[in-house]
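Let me begin by presenting the structure, written as structure tokens, before commenting on it.
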Amino acid sequence: VNVGLAWDSENEWLWSTSAVIDDPIRSFNRRGDRQVAFDNPGIDIKGLAYWADDPDGYNLYAYYDAPEGGLGVSKMNTENGEFVDVGVLNPEGGGTAAGATITNRYFPMNDVFISVAATDEGGRVDIWQLAASQSWMSFGPDQGIIQPEDSQIINFSFNSAGALDGLYSGEFVVEHNAAGGEEVIPVRMQVVEEAIHTTKRINLTSSWNLVSMNLQPDNENVGFLVSDLANAQELVMVKDQHGKFYLPSRRGFTNMDNWSAETGYWILMNSPQPLALTGTTIRSDQPIQLESGWQIVAYYPRLAMIPEEAFASVADNLTLAKDGNGRFYSPEWDFNSLEMCRNGKGYIVHMTQADELVWFGGGEMAPVGGSLLNPGAQLEFYPAVASTSSDMSLLAILPENACGELGVWVGDQLVGSGIIKEGRCGIAVRGDDHFTGEIDGAAHGDDLIITWWDNNHNVSEIEVSPIQGEMTYHTNAFTVVDIAETTAPKDFAILNAYPNPFNNRTTVTYHLSNRSRVEMTVFDLSGREGMRLTDEILDAGNHSVEFSADNMTSGVYFIKLQSSANIQTIKTLLLR
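Residue numbers are given in my numbering: position 21 of the sequence shown equals residue 26, and the series is strictly consecutive.
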């Protein structure tokens with residue numbers, strides 16, 4: 006039984022220890038492969054914690070019941086397994102060691118050791134400061150030679166990003182070989198929420214970005230604000246929540262109103278670039294008036310918050326909130342794939358009636374709730390479908406023991422995918438982006454089909470019962486469906502692709518139980534069809550077809566076998 010787990014952010018290893026003192030302390034990579042193991046020095050460890058910034062390089066902390074009483078803390082050098090004692094904690098109320106972690110998320114300007122102690126009353130959490138952060142101040146150059154009669158300018162920098170309101174103080178110590186030996190320069194930084202005039206930046210990605218800024222620009226003209234991006238020919242388009250747009254490639258055409266800090270904007274880029282705006286900041290608790298229906302809202306707080314806390318002021322009237330990638334939060338269904346609300350992002354919300362949004366608490370210490378469903382997990386089978394600036398939200402309710410992934414299709418086009426977690430799966434179903442000139446999503450009124458991959462096969466005839474909404478595409482719609490677990494027909498199957506991985510050619514063998522018309526197609530990670538291997542009526546039995554990839558680049562390709570009633574897909578890897 007593992008009694009201690011800690012994530013090593015530098016090596017991306019998971020450290021673990023068991024309840025048996027003689028067992029070693031081990032580390033594993035993301036694939037579960039053991040990396041290193043060190044002997045336990047005889048400590049009955051009850052918790053592990055990792056601190057990347059330990060000044061001595063002893064990054065792994067062990068928490069245990071000290072033999073002499075109290076709660077002991079030791080730390081281990083993760084390169085050689087050497088242990089040193091840190092000390093004994095004697096919190097008021099005593100207790101026995103039960104678990105520990107180290108984080109800088111509880112209080113942004115401090116690293117803290119959080120320990121859990123079991124007591125007669127049930128348990129207690131204690132928070133201990135490890136070190137005050139020095140990241141808010143820096144200077145340079147940090148060394149050099151100054152000749153007699155010469156001078157040296159030293160640049161001091163202060164950064165309040167992530168800092169709470171308050172006064173921060175510190176000292177710069179300059180050591181030298183002149184008289185006195187050193188100079189101490191006291192510094193202070195006052196962080197306030199009052200409006201200030203400043204320049205803020207957002208890093209834009211290549212593709213669609215849904216952005217906002219807690220700042221009202223001095224010049225509110227949208228064309229002026231993005232002129233640097235337009236002149237560099239990196240900006241494709243800007244549009245607002247009403248569909249009004251600015252198109253620099255068409256002689257700077259625009260029908261947009263002035264930039265408003267209360268809302269968010271869609272920006273389509275050719276390549277990653279920063280957007281800089283200069284103006285007056287807005288307090289994080291400044292109210293935003295919301296109307297009934299859909300709208301895009303700006304996110305004012307500087308720190309991130311979970312949606313349950315962020316939208317607390319309008320929770321009674323909020324139907325759905327989603328980000329630019331289609332991840333969504335539904336209070337009614339207690340579902341959250343949105344993860345966190347973050348500064349610089351815009352959020353699409355639907356209200357049942359008008360209300361006043363006040364971003365709750367400023368986000369300083371928002372805990373992560375239990376409704377956050379596996380946000381860091383990665384799709385294994387279905388490719389992720391890129392954002393197109395329009396989508397609908399689909400929530401699938403499955404058996405609690407269900408696992409794998411769901412894919413949403415319009416014909417042969419994959420328009421959405423998601424990971425099943427704890428019997429639920431949230432999917433952003435992408436709408437077609439008319440600006441690209443290609444079909445890259447669903448059109449209004451398209452029928453949607455769901456397939457299920459459970460790590461072994463796809464399921465085509467899964468039972469889908471709409472609980473809310475319809476299984477047709479409508480931008481910004483919200484559909485909830487119930488899916489009963491079924492199994493793929495054993496008499497319809499792709500038996501194998503051999504070889505796989507393959508260099509240029511592979512042979513796909515499949516089985517049909519009845520005479521039927523079948524199609525076999527190859528598509529890439531984007532969901533686009535590459536070639537059709539079979540499209541004919543075949544008798545029951547085993548069949549094979551050769552997949553020749555002469556004109557294709559290395560990468561992952563999916564081979565889909567489809568009849569009128571069944572679908573199955575396998576993954577292949579082409580290596581040149």
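Think of the CB as a built atom: it goes at the ideal place given N, C-alpha and C, for glycine as much as any other residue.
Anticipated Cβ contact below 8 Å, residue i with residue j, distance rounded
i      : j      : result
ILE301 : GLN246 : 4 Å
ILE50  : THR22  : 5 Å
ASP487 : SER470 : 4 Å
TRP18  : PHE33  : 6 Å
GLY52  : VAL216 : So it is not a contact: roughly 40 Å between Cβ atoms.
ASN519 : ALA554 : Their Cβ separation, rounded to whole angstroms, is 30 Å, which puts ASN519 and ALA554 out of contact at 8 Å.
GLU524 : THR539 : 6 Å
TRP414 : ILE454 : 5 Å
LEU230 : MET274 : Not really, about 14 Å apart at Cβ, beyond 8 Å.
ASN219 : ALA184 : The pair is not a contact, with the Cβ atoms about 49 Å apart (cut-off 8 Å).
VAL117 : THR108 : 6 Å
ILE425 : GLY409 : 6 Å
SER549 : ARG581 : Wrong, their Cβ atoms sit about 24 Å apart, outside the cutoff.
Sequence-distant residues of the same chain with beta carbon closer than 8 Å to residue i, five excluded per side
i      : result
THR577 : ALA502, ASN505, PRO506, PHE507, THR511, PHE552, VAL561, TYR562, PHE563, ILE564
TYR334 : PRO312, GLU313, PHE316, LEU325, ALA326, LYS327, PHE340, ASN341, SER342, LEU343
SER156 : none
PHE144 : ILE159, ASN160, PHE161, SER162, PHE177
GLU199 : ARG288
GLY149 : GLN157
GLU475 : ALA482, THR484
GLU541 : ARG522, VAL523
Other residues of its chain near residue i: CB distance less than 7 Å, five sequence neighbours each side excluded
i      : result
GLY75  : VAL93, LEU94, ASN95
THR203 : THR286
GLN294 : GLU361
VAL420 : VAL390, VAL413, TRP414, VAL434, ARG435, GLY446, ALA447
Cβ-based burial, residue i [other Cβ within 10 Å; buried from 16]
i      : result
ASP451 : buried
GLY329 : buried
ILE158 : exposed
ILE353 : buried
ILE201 : exposed
ASN547 : exposed
ARG332 : buried
HIS355 : buried
SER318 : buried
GLY381 : Bear in mind that a pLDDT of 46 at GLY381, under 50, signals an unreliable position, so the model cannot answer this.
GLY186 : exposed
PRO72  : exposed
PRO306 : buried
LEU308 : buried
GLY375 : Caution applies to GLY375, whose pLDDT of 31 falls short of 50 and renders its modelled position unreliable; the value that the coordinates give is listed next. Under this definition GLY375 is an exposed residue.
LYS244 : buried
ASN406 : exposed
LEU579 : buried
SER79  : buried
GLN358 : exposed
ILE588 : It is not possible to answer for residue 588, since the shown part of the chain is limited to 6 through 581.
ILE575 : buried
GLY416 : exposed
VAL227 : buried
GLN383 : exposed
Same chain, Cβ closer than 6 Å to residue i, five either side skipped, listed in chain order
i      : result
ASP290 : VAL363
CYS430 : ALA401, LEU411, GLY423
LEU530 : PRO388, VAL561
VAL485 : LEU400, ILE472, GLN473
SER568 : SER521, VAL523
ILE207 : VAL216, LEU280, GLY349
LEU252 : MET242, PHE258
ILE119 : THR106, ILE132
ALA42  : PRO29, ARG31
Distance cut-off 7 Å: residue i Cβ against heavy atoms of the ligand FMN
i      : result
ALA570 : Inclusion of the ligand FMN in the displayed structure is not the case, the ligand content being empty and no account of it being possible.
Which ranges would you report for the alpha helix (DSSP H) in the region 520-551 if only whole runs of at least 4 residues count? Complete alpha helix (DSSP H) runs here, min 4: none at all.
Residue ranges of each beta strand (DSSP E) run of no fewer than 3 residues wholly in the region 240-297, ordered along the chain? Correct list: 240-244, 250-252, 270-274, 278-286, 293-295.
Decide yes or no for the touch test of the region 281-289 against the region 207-223: beta carbon pairs closer than 8 Å, at least 3 of them. Because the criterion of three Cβ pairs below 8 Å is met, the region 281-289 and the region 207-223 touch.
On the three-pair Cβ rule with 8 Å, is the region 225-240 touching the region 254-271? Contact between the region 225-240 and the region 254-271 is present, because at least three Cβ pairs lie under 8 Å.
Pair every Cβ in the region 430-441 with every Cβ in the region 390-401, then say whether three or more of these pairs are closer than 8 Å. Cβ pair count under 8 Å is three or more, so yes.
For the structure I just gave you, are there three or more beta carbon pairs, one from the region 99-110 and one from the region 33-48, closer than 8 Å? Taking a cut-off of 8 Å on C-beta distances, the region 99-110 does not touch the region 33-48, as fewer than three cross pairs fall below it.
What residue ranges within the region 14-46 form continuous beta strand (DSSP E) runs of no fewer than 3 residues, ordered along the chain? Uninterrupted beta strand (DSSP E) stretches at least 3 residues long and entirely within the region 14-46 occur at 18-23, 30-33, 39-43, given in chain order.
Runs of 3 residues minimum, wholly inside the region 122-179: which ones carry the beta strand (DSSP E) assignment? Fully enclosed beta strand (DSSP E) runs of 3 or longer: 129-137, 142-145, 160-163.
Quick one: which unbroken beta strand (DSSP E) runs of 3-plus residues sit fully inside the region 438-477? Chain order, please. Runs of the beta strand (DSSP E) inside the region 438-477: 454-458, 468-473.
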